[in-house]
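The structure appears below as structure tokens.
In the working numbering, the protein residues as written are 1 to 199.
The following block contains the structure:
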């Protein structure tokens, strides 16, 4: 990661829920205006270099990726809101499940056996997280390549292993307290309205 990004979990002072804040590089909006397969990307693909000749590889981008800050009051008071060093390794990770070298097609264009290998790798990671006991939420996101501002169009899934449930999801699960207080109504209806409004 360039610039030494900061990964934090912050507790909402009203609901007591946690939300993840991730900053890993400077935002460049021009990167989001490219086609999925972009000639502007470097000829050398980092995921091709890290990937296996066949099968799925897991590239750990950051272990212990989340720093628990607590409330603003906790942070101001010093160590009260911080995880101990022994907790850091149990605090989640950010990794990528990478398709074999040279695989830059869409998920629906690759052989079924590769899709099964991805699902098996995802299942294995979920099982390992459950056995480790520190994961509250795990999310796998298909890398949408250059359209999403990614640095590569290699077929891969980003994995976010979080020690706390993200705030917006916690609102959905927990009765949508903050969203309902702020805007009234059903959280799911509000999410649909937000998505429709944003195009």
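Note that the Cβ used here is the ideal one computed from N, Cα and C, for glycine as well.
Per-residue burial, residue 154 [other beta carbons within 10 Å of its own, 16 or more giving buried]: The count along the chain shown starts at 1 and reaches residue 154 at position 154. So residue 154 counts as buried.
Which word fits residue 121, buried or exposed, when buried means at least 16 other C-beta atoms lie within 10 angstroms of its C-beta? What you label residue 121 is simply residue 121 of the chain shown in a count that begins at 1. Per the 10 Å Cβ criterion, buried.
Does DSSP put residue 96 in a helix, in a strand, or in coil? Here residue 96 is taken as the residue at index 96 of the chain shown, counted from 1. Here residue 96 sits in strand by DSSP.
Compare the Cα-Cα distances from residue 136 to each of 93, 101, 106 and report the closest residue. Indexing the chain shown from 1 puts residue 136 at position 136. Closest by alpha carbon: 93.
Look at the alpha carbon of residue 115 and the alpha carbon of residue 142, and state the distance between them as a whole number of angstroms. Sequence index remark: in the chain shown, residue 115 carries index 115 (1-based). Sequence index remark: in the chain shown, residue 142 carries index 142 (1-based). In a straight line, the C-alpha of residue 115 is about 12 Å away from that of residue 142.
Segment contact, 8 Å Cβ cut-off, at least three pairs: the segment 98-105 with the segment 41-60: yes
Please name the residue in 130, 199, 139, 97 whose C-alpha comes closest to that of residue 165. Here residue 165 corresponds to residue number 165 of the chain shown, with the count starting at 1. Nearest option by C-alpha distance: 139.
CA-to-CA distance, residue 59 to residue 119, given in whole angstroms: Position 119 of the chain shown holds residue 119. Position 59 of the chain shown holds residue 59. The alpha-carbon atoms of residue 119 and residue 59 are separated by roughly 16 Å.
Among all the DSSP beta bridges, which residues are the ones paired with residue 162? On the chain shown, position 162 is the one that residue 162 refers to. For residue 162, which the question treats as bridged, DSSP gives the partners 137.
CA-CA distance, residue 61 and residue 132? Here residue 61 is taken as the residue at index 61 of the chain shown, counted from 1. Here residue 132 is taken as the residue at index 132 of the chain shown, counted from 1. Their Cα atoms are separated by approximately 19 Å.
Suppose you measure from the CA of residue 199 to the CA of residue 159; what does that come to, to the nearest Å? Along the chain shown, read from residue 1 onward, the residue named residue 199 stands at position 199. Along the chain shown, read from residue 1 onward, the residue named residue 159 stands at position 159. Each residue's Cα considered, the two are about 26 Å apart.
Identify, in the order they occur along the chain, each residue of the same chain with its Cβ nearer than 7 Å to the Cβ of residue 95, setting aside the five sequence neighbours on each side. Here residue 95 refers to the residue found at position 95 when the chain shown is read from its first residue. Excluding residues within five positions, the ones whose Cβ falls inside 7 Å are 58, 59, 60, 61, 159.
Should residue 156 go down as buried or exposed, given a rule of 16 or more other Cβ atoms within 10 Å for buried? The sequence position of residue 156 within the chain shown is 156, counting from 1. That one is buried.
Can you tell me whether residue 152 is buried or exposed? The criterion is at least 16 other CB atoms within 10 Å of its CB, across all chains shown. For the purposes of this step, residue 152 is identified with residue 152 of the chain shown, where counting begins at 1. Residue 152 comes out buried.
For residue 197, which residues of its own chain have a beta-carbon under 6 Å away from its beta-carbon, when the five flanking residues on both sides are left out? Position 197 of the chain shown, counted from the start, is the residue given in the question as residue 197. Hits under 6 Å: none found.
Quick check on residue 199: does DSSP put it in helix, strand or coil? Taking the first residue of the chain shown as 1, we reach residue 199 at position 199. Note: residue 199 maps to coil in three-state DSSP.
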